[in-house]
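Let me begin by presenting the structure, written as structure tokens, before commenting on it.
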Amino acid sequence: MAEELKWLQCPVCKETIYWRVPMEALKKVARFPVPIVIKHKDHHLVCYVDSHHQLADTEVAIAFIEGEAKST
Ligand SMILES: [Zn+2]
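Quick note: the sequence shown, position 17, residue 27 per the working numbering, numbers continuous.
Structural data, given as structure tokens:
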């Protein structure tokens, strides 16, 4: 199956964003909804996709900082 192209209106700048559902990555996901971080200009969106690859929820992340866990 080809990658699914989805669109949403950016809650920050109101532009329409087209984004691809990362199908290969979703095959390895055991639990849904799964958050997908989309970078859009200087802000990030967190889109939650359910097991049918439908958009379940969207959150705005003005800044996205990747936390790093360190084992001692
Ligand atoms: Zn935007």
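All residues carry an ideal CB built from backbone N, CA and C; glycine is no exception. Quick caveat: nothing in here was measured; it's all calculated off a predicted structure.
Item, Value
"Below 5 Å from a heavy atom of ligand 1 - residues by beta-carbon", "Cys20, Val22, Cys23 and His50"
"Inter-stretch contact (C-beta, 8 Å, three-pair minimum) for the region 65–75 and the region 32–41", "no"
"Anticipated Cβ contact below 8 Å, Val59 with Ile75, distance rounded", "Rounded, the Cβ-Cβ distance is 22 Å, inconsistent with contact."
"Same chain, Cβ closer than 7 Å to Val31, neighbours up to 5 away in sequence not counted", "Glu13, Glu14, Lys16, Val59 and His63"
"Own chain partners of Val44 with C-beta closer than 6 Å, once the 5 adjacent residues on each side are dropped", "Val59"
"Close Cβ partners of Pro21 (< 8 Å) along its chain, the five nearest in sequence each way excluded", "Leu55, Thr68 and Val70"
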